[in-house]
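*Asks:* Using my numbering, read the sequence shown as starting at 7 and increasing by one per residue. Backbone N, C-alpha and C define an ideal beta-carbon position, used for all residues, glycine too.
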Amino acid sequence: MKTNTTTTTNTPTTNTKLIFFHHSIPTKQNPGGLFLLAFLSLSALAFLLTLYSSLSHPTHTIPTTHTSSPTTTQTSSLPRETSDALLYYYSFSNQTNRMSDPDARAVARAITSCSPCSVLVFGLGHETPLWRALNPRGRTVFIDESDYFVSRYEGRHANLEAYEVQYATTVREFKELVRTAKAQAGSECRPVQNLLFSDCRLGINDMPNQLYEVDWDVILVDGPRGYYPSAPGRMSAIFTAGVLARSKRGGSERTHVFVHDFEREVERVCGEEFLCKENLVESTWTLAHYVVERVGDRSGSSEFCPGKTVGNQVQQQRRRR
Numbered sequence: 007m008k009t010n011t012t013t014t015t016n017t018p019t020t021n022t023k024l025i026f027f028h029h030s031i032p033t034k035q036n037p038g039g040l041f042l043l044a045f046l047s048l049s050a051l052a053f054l055l056t057l058y059s060s061l062s063h064p065t066h067t068i069p070t071t072h073t074s075s076p077t078t079t080q081t082s083s084l085p086r087e088t089s090d091a092l093l094y095y096y097s098f099s100n101q102t103n104r105m106s107d108p109d110a111r112a113v114a115r116a117i118t119s120c121s122p123c124s125v126l127v128f129g130l131g132h133e134t135p136l137w138r139a140l141n142p143r144g145r146t147v148f149i150d151e152s153d154y155f156v157s158r159y160e161g162r163h164a165n166l167e168a169y170e171v172q173y174a175t176t177v178r179e180f181k182e183l184v185r186t187a188k189a190q191a192g193s194e195c196r197p198v199q200n201l202l203f204s205d206c207r208l209g210i211n212d213m214p215n216q217l218y219e220v221d222w223d224v225i226l227v228d229g230p231r232g233y234y235p236s237a238p239g240r241m242s243a244i245f246t247a248g249v250l251a252r253s254k255r256g257g258s259e260r261t262h263v264f265v266h267d268f269e270r271e272v273e274r275v276c277g278e279e280f281l282c283k284e285n286l287v288e289s290t291w292t293l294a295h296y297v298v299e300r301v302g303d304r305s306g307s308s309e310f311c312p313g314k315t316v317g318n319q320v321q322q323q324r325r326r327r
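See the structure below:
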């Protein structure tokens, strides 16, 4: 910046004062120092932001074998306001084949109550993004009958974990399949077993191997198709959900199992046979909520619903009287 200075001179003859204005020469500042100061300031700010982020959002590693996600970490669970907002906007969807609002809220309560947790969903659909969003730091896995839908949803939703399985059943044969599974409950169709090595026709044994080692907290049966005779039906999915819940080795002792489209015969009958009426905690016309307890190492168990057997014996005795 230029500044003006004045100089006063006296002449010896006339005593006249002359005033001269001079331009001062500006001093040069070193721009490198300013850049260095700015760089250090920005570096310090970036370090502080990184430190804050790491402390407020700790990294969560998803286990793959016999461990469930911790359920007591408050900083990792989804805030109530966020889950309410997700369900609120979901309610405005105009999809005709979506889950009803009360049913979606029932499943959401179970997921958010244990989040971060391990969630297994049979069937890809309109609710897929919702189930993932409600369990942000947990693990949500989807099983579907269609490789096309698996690829389609993976393309639409980054990092979606979904797998295709092949079902060898049809709705028209479900009664015979249920009778056979009950008859083989002491051998191939045991309530407690590793389905990866199962020969039970209702057991799903072609999921990725590591999925059989996960202690699932919530299982939702919303697939495969089951609304016409040649459709695969949900007999295998319901049977598999019951076995996975009883065969857990760790994590929570209880597993929340939901069966959607419960108004249909297949879902209702298979739910009663393999998830058990005494485990039914709530239901609507279209959704059943079971809480199935872990059986653990009691692999010799040959009954899915011991209470049902006792009840039948009591009824038979009353009839004889």
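Could you check how far apart the C-beta atoms of serine 83 and proline 122 are, in whole angstroms? I think they sit under 8 Å.
*Replies:* 7 Å
*Asks:* Once you ignore the five residues that flank leucine 202 on each side, which residues in its own chain have a CB closer than 7 Å to its CB?
*Replies:* Asn211, Asn215, Tyr218
*Asks:* Can you name the start and end residues of the beta strand (DSSP E) that valine 147 belongs to?
*Replies:* Per DSSP, the unbroken beta strand (DSSP E) holding valine 147 starts and ends at 145-150.
*Asks:* Taking the C-alpha atoms as reference points, what is the distance between glutamate 278 and methionine 241?
*Replies:* Each residue's Cα considered, the two are about 11 Å apart.
*Asks:* If you run the structure through DSSP and keep just helix, strand and coil, what is isoleucine 210?
*Replies:* coil
*Asks:* Quick check on leucine 92 - is its C-beta less than 7 Å from some C-beta in chain B?
*Replies:* Protein chain content of the structure displayed is limited to a single chain, and chain B is not contained in it.
*Asks:* With serine 124 as the anchor, note down where its beta strand (DSSP E) starts and where it stops.
*Replies:* For serine 124, the uninterrupted beta strand (DSSP E) segment begins and ends at 124-128.
*Asks:* Take the Cβ of glutamate 299 as the centre, count every other Cβ of all protein chains shown within 10 Å, and call the residue buried at 16 or more, exposed below.
*Replies:* exposed
*Asks:* Please report how far the alpha carbon of alanine 174 lies from the alpha carbon of tyrosine 96, in whole angstroms.
*Replies:* 34 Å
*Asks:* Less than 7 Å between the C-beta atoms of alanine 243 and valine 227, yes or no?
*Replies:* yes
*Asks:* Leaving aside the five residues before and after glutamine 101 along the sequence, list all residues of the same chain whose C-beta is less than 6 Å from its C-beta, in chain order.
*Replies:* His132
*Asks:* So, aspartate 109 versus leucine 293, is the Cβ gap smaller than 7 Å?
*Replies:* yes
*Asks:* Starting from arginine 260, trace the beta strand (DSSP E) in both directions and tell me its first and last residue.
*Replies:* 260-266
*Asks:* For the beta strand (DSSP E) that glutamate 194 lies in, which residues bound it at each end?
*Replies:* Neither: glutamate 194 is in no beta strand (DSSP E) and is coded neither H nor E.
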